[in-house]
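Chemist: Just dropping this structure here.
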Amino acid sequence: MMKIAPSILSADFCNLKHDIELVEKAGVEYLHVDVMDGHFVPNITFGPSVVADIRKNTNLVLDCHLMIENPEQYIEDFAKAGGDILTIHVESTRHIYRALQLIHDNNVKAGIVLNPGTPLAEIEPVLPLVDQVLVMTVNPGFGGQTFIHDMVKKIQKLKEIKDQNKYSFDIEVDGGINDKTLVDCYKAGANVFVAGSFVYDAEVPKKQVELLKNAVKNI
Numbered sequence: 003m004m005k006i007a008p009s010i011l012s013a014d015f016c017n018l019k020h021d022i023e024l025v026e027k028a029g030v031e032y033l034h035v036d037v038m039d040g041h042f043v044p045n046i047t048f049g050p051s052v053v054a055d056i057r058k059n060t061n062l063v064l065d066c067h068l069m070i071e072n073p074e075q076y077i078e079d080f081a082k083a084g085g086d087i088l089t090i091h092v093e094s095t096r097h098i099y100r101a102l103q104l105i106h107d108n109n110v111k112a113g114i115v116l117n118p119g120t121p122l123a124e125i126e127p128v129l130p131l132v133d134q135v136l137v138m139t140v141n142p143g144f145g146g147q148t149f150i151h152d153m154v155k156k157i158q159k160l161k162e163i164k165d166q167n168k169y170s171f172d173i174e175v176d177g178g179i180n181d182k183t184l185v186d187c188y189k190a191g192a193n194v195f196v197a198g199s200f201v202y203d204a205e206v207p208k209k210q211v212e213l214l215k216n217a218v219k220n221i
């Protein structure tokens, strides 16, 4: 099943509740929450307290992308705040197995990120442990970047590995997603799509969500 995950990084932070309600009414399944610490990536966004406030205002799945160093220090905080999926970077910790286990120990789903410059082989050993693989089709840290088309090949290879081993993880794509790039990623094997600027920069976000959902109806 295809799922749309609007990224609140592109929302109006002064009207966040309103912007969450807009995409809720549009029928999205997830809300993508980009957590950045200013160290692992240059940008800074928000922490567990903001996630907790978001949780109070929506029943959508909170898909938390932790772009932070040593994420194991904060996993419990984000789980308690209401995150449903905590996705971490293999480059962010020396103890990736421990971090993924800690996520599951807190009764939430665990995800791993594949950056544009990271070989697929780097995350392959932990694929049996994850519920989601987030394939970055831009370099992480900022919204509104241009889609990196070479990442479609990595999605295809990841889907092959998933099928060969009968893994059940979702393949999520984040970066430069619109109604055209979504189709390429969907055909390659992705089923969860993060869309920020495409949804929130439009006058009518609901129409943008409909464009994304309708893009693959005849495939």
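In the numbering used here, the protein residues as written are 3 to 221. We put the beta carbon where it would ideally sit given N, CA and C, even for glycine. Given the structure is predicted, the values throughout are model-derived calculations rather than measurements.
Is DSSP giving residue 43 helix, strand or coil here?
Modeler: coil
Chemist: DSSP state of residue 23, grouped into three classes?
Modeler: helix
Chemist: Given this structure, state the Cα-to-Cα distance separating residue 183 from residue 67, to the nearest angstrom.
Modeler: 21 Å
Chemist: Mapping DSSP to helix, strand and coil, what is residue 110?
Modeler: coil
Chemist: Is it a yes or a no for the region 158 to 165 touching the region 103 to 113, going by three-plus beta-carbon pairs under 8 Å?
Modeler: Segments in contact, no.
Chemist: Residue 211 lies in the alpha helix (DSSP H); which residues open and close that run?
Modeler: 207 to 216
Chemist: Contact between the region 185 to 197 and the region 77 to 90 is defined here as three or more beta-carbon pairs at a separation below 8 Å; is this criterion met?
Modeler: no
Chemist: Tell me where the beta strand (DSSP E) around residue 32 begins and ends.
Modeler: 32 to 38
Chemist: Given that a residue counts as buried once 16 or more other Cβ atoms are within 10 Å of its Cβ, and exposed if not, what is residue 22?
Modeler: buried
Chemist: Output yes or no for whether 8 Å exceeds the beta carbon distance between residue 77 and residue 88.
Modeler: Annotated as proximal: residue 77 and residue 88, with beta-carbon spacing under 8 Å.
Chemist: If I measure Cβ to Cβ from residue 47 and keep anything under 8 Å in the same chain, skipping five residues before and after, which residues do I get?
Modeler: 11, 36, 37 and 38
Chemist: Look at the alpha carbon of residue 124 and the alpha carbon of residue 131, and state the distance between them as a whole number of angstroms.
Modeler: 14 Å
Chemist: Nearest-angstrom Cα distance between residue 142 and residue 116?
Modeler: 10 Å
Chemist: Give me the Cβ distance between residue 140 and residue 148, rounded to the nearest whole Å; I'm assuming they're in contact under 8 Å.
Modeler: 7 Å
Chemist: Determine whether the beta carbon atoms of residue 185 and residue 217 lie at a separation below 8 Å.
Modeler: yes
Chemist: Taking the C-alpha atoms as reference points, what is the distance between residue 109 and residue 168?
Modeler: 23 Å
Chemist: As an exercise, report each continuous beta strand (DSSP E) stretch of at least 3 residues that is fully enclosed by the region 54 to 105, in chain order.
Modeler: 63 to 69 and 87 to 91
Chemist: By DSSP, does residue 153 sit in helix, in strand, or in coil?
Modeler: Reduced to three states, the DSSP call for residue 153 is helix.
Chemist: Grouping DSSP H, G and I as helix and E and B as strand, with all else coil, what is residue 195?
Modeler: strand
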